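Numbering (full-length UniProt numbering), first residue to last: 1 to 557. Glycine is no exception: its CB is placed at the ideal position from the N, C-alpha and C atoms. These numbers come from a predicted model, not from an experiment. Worksheet: the structure to be examined is printed underneath.
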């Protein structure tokens, strides 16, 4: 996570022995104007999350309406920002990472980007060659222009961020090397075999700074681990853009600024240096609000221009045959007026975000309707499934009942067959009894005649003394009043009753057989009804299957 204040030896080179003598503190005599102030600066929050998660910031930060950044800030302890005016101390780029120089300018057309490219950039090139040693080639590649126009808007570069009130470094080794390779292409390896620096030239324009100053920390006091690499992602795409350095609060930083810094007071500060044997290879800096009691009444808003330059020092040895460089990348942008008004950029971003939001709302509405339709179809499907399950349960129950009815029908048919056999047997017995009855009837008619004749014979042969009891000599005695015809009638009556009982039982068996046959026919009709119900349920099952397929298709869509 922590980006050390050093870079790999493969790209790092020592400072060339050739040095340019620079003047000391040009502001040492301004004792009367000196204004040290105490403020609380904004640092990266000391959060344990950054031990495992890399900080990510969105650029430009005003477009980060979704708060995709995970950078959390907190105020540090009260710190003194020392005014360089009236200090006897001198500052150099290699020892401290910054210095203030007097560099008056006659340029005033700060709203004309082509004029800045044609007139102001050459001034800066001369300034750098005068104040910075080893300027073999200079590439201006970026600018920040902040000014208050008639309508109060501020103008900024393409990668504009409002006054960065956060302690930071503009670049880290990773983004510096990426910039060098992107800007110089095939010459990058040659440049990196020498010395490469990024130096910012920061100047107030039109009037001194009263409300929002720029504080610089002494880069020679930075230690390994003070600067933490933070990825920056573009707001409109969310993709990686470059890296910057952020820092947590610690005691020991030494902060400086220039009170009421005017247009002629130019601040040079180092963003990165591939040299390894200099104390200051980068600096931390931040915008800060000057306390209200130190701001004059009706003071104008800060206006400034900041230009970033890549400065290359050729490696020792033969110089390139053709050292003429192409036009500065920044000059190309300025001539095309590619720097935009903040409000324009913000309006474009807002319109784009509004279009995206509206598209998202339409998409969400469509998805909501689809979800509602899916839920409705799921409810219909569930209802049909429940109905199908109920019908299947009823069908299984009906099938069971049908099987029972089949069993009962088979049993009834078997009983009917048995009853039919019994009826045939009873009819046969009844016929036999009727035949016996006819034979008995003839014998009964014959028996009284015989008895009468015998009785007559016995009467005619009886003694005169009285009547002999019939059968005495045969061992037979008739009770007094005995009549043989009554005995025959009694037997005949018994046979008749028996025949009637047989007829009654036969009729009963016939009735039972008819009832059993009728029940069997009724159950067979019910079975046909159950079969019709089963076919209708099969149709419902096909409908359920069709609805399930439609739901799957909607989900897939």
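Neighbourhood of residue 434 by C-beta distance below 8 Å, restricted to the same chain and skipping five residues each side: 499
Residue 259: which of 38, 177 and 374 sits nearest, CA to CA? 38
Where the beta strand (DSSP E) containing residue 204 begins and where it ends: Element bounds for residue 204: 195-204.
Quickly, what does DSSP pair residue 110 with across the bridge? List them, please. BP columns for residue 110 are empty, so no partner.
So residue 274 and residue 192 are supposed to be a Cβ contact under 8 Å. How far apart are they, rounded? 7 Å
On a CA-only basis, which of 379, 59 and 403 is nearest residue 234? Give me that one, please. 59
Counting along the chain, where does the alpha helix (DSSP H) carrying residue 184 start and finish? From DSSP, the alpha helix (DSSP H) with residue 184 extends over 173-184.
What are the boundary residues of the beta strand (DSSP E) that includes residue 35? From DSSP, residue 35 is part of no beta strand (DSSP E); its letter is neither H nor E.
Would you report the Cα separation of residue 280 and residue 207, rounded to the nearest angstrom? Each residue's CA atom was taken as its position, placing residue 280 and residue 207 some 31 Å apart.
Where residue 33 and residue 113 are concerned, what is the direct C-alpha to C-alpha distance, given to the nearest angstrom? 34 Å
Using only the alpha-carbon positions, how far apart do residue 162 and residue 87 sit? With a pLDDT of 48 at residue 162, under the threshold of 50, the modelled position of this residue cannot be trusted, and the question is left open.
Would residue 45 and residue 79 be called neighbours here (beta carbons separated by less than 7 Å)? No, Cβ-Cβ distance for residue 45 and residue 79 is not below 7 Å.
Any beta-carbon of chain D closer than 7 Å to the one on residue 407? Considering every chain present, this structure includes no chain D. It has just one protein chain.
Can we say the stretch 293-305 touches the stretch 129-137, given the rule of at least three CB pairs closer than 8 Å? no
Please return the same chain residues whose Cβ sits closer than 7 Å to the Cβ of residue 241, not counting the five positions on each side in sequence. 59, 232, 233 and 234
Spatial neighbours of residue 296 within its chain, please: CB distance less than 8 Å, with the 5 preceding and 5 following residues excluded, ordered by chain position. 210
In terms of DSSP beta bridges, what is residue 73 paired with? 44
Reference residue 262; option with closest CA among 176, 213 and 400: 213
Residue 462, buried or exposed, once every other Cβ within 10 Å from all chains shown has been counted against 16: Note that residue 462 scores 49 on pLDDT, short of 50, meaning its location in the model is unreliable; the coordinates nonetheless yield the value given after this. Classification of residue 462: exposed, given that the 10 Å Cβ count is below 16.
Is it true that the CB of residue 98 sits closer than 7 Å to the CB of residue 216? yes
Locate the beta strand (DSSP E) running through residue 267, then write down its first and last residues. 265-273
From the DSSP output, which residues share a beta bridge with residue 144? According to DSSP, residue 144 bridges with 306.
Work out the CA separation of residue 293 and residue 271 for me, nearest whole Å. 32 Å
Strand pairing of residue 57, partner residues [DSSP]: 232
So, with DSSP's three-state summary, where would you put residue 98? Strand at residue 98.
Are the stretch 180-196 and the stretch 243-258 touching by the rule of at least three beta carbon pairs closer than 8 Å? no
Within the same chain, show all residues whose beta-carbon is closer than 8 Å to that of residue 56, passing over the 5 residues directly before and after it, in chain order. Excluding residues within five positions, the ones whose Cβ falls inside 8 Å are 68, 69, 70, 71, 230, 231, 232 and 233.
Pairwise C-alpha distance: residue 519 and residue 512: 11 Å
Quick one: is residue 546 buried, meaning 16 or more other Cβ sit within 10 Å of its Cβ, or exposed? exposed
Between residue 252 and the rest of its own chain, which residues show a CB-CB distance below 8 Å, the 5 nearest in sequence each way excluded? Correct list, in chain order: 221.
Check this for me: beta carbons of residue 246 and residue 269, under 7 Å apart or not? no
Are the Cβ atoms of residue 276 and residue 172 separated by less than 7 Å? Not a contact, by the Cβ cut-off of 7 Å.
Which residues in the same chain as residue 54 place their Cβ atom closer than 8 Å to its Cβ, once the five residues preceding and following it in sequence are excluded? A distance below 8 Å between beta-carbons, with the five flanking residues on each side excluded, links residue 54 to the following residues of its chain, in chain order: 1, 229, 230 and 231.
Cβ-based burial, residue 526 [other Cβ within 10 Å; buried from 16]: A residue is called buried when at least 16 other Cβ atoms come within 10 angstroms of its Cβ; residue 526 does not meet this threshold and is exposed.
Compare the Cα-Cα distances from residue 127 to each of 395, 309 and 410 and report the closest residue. 309
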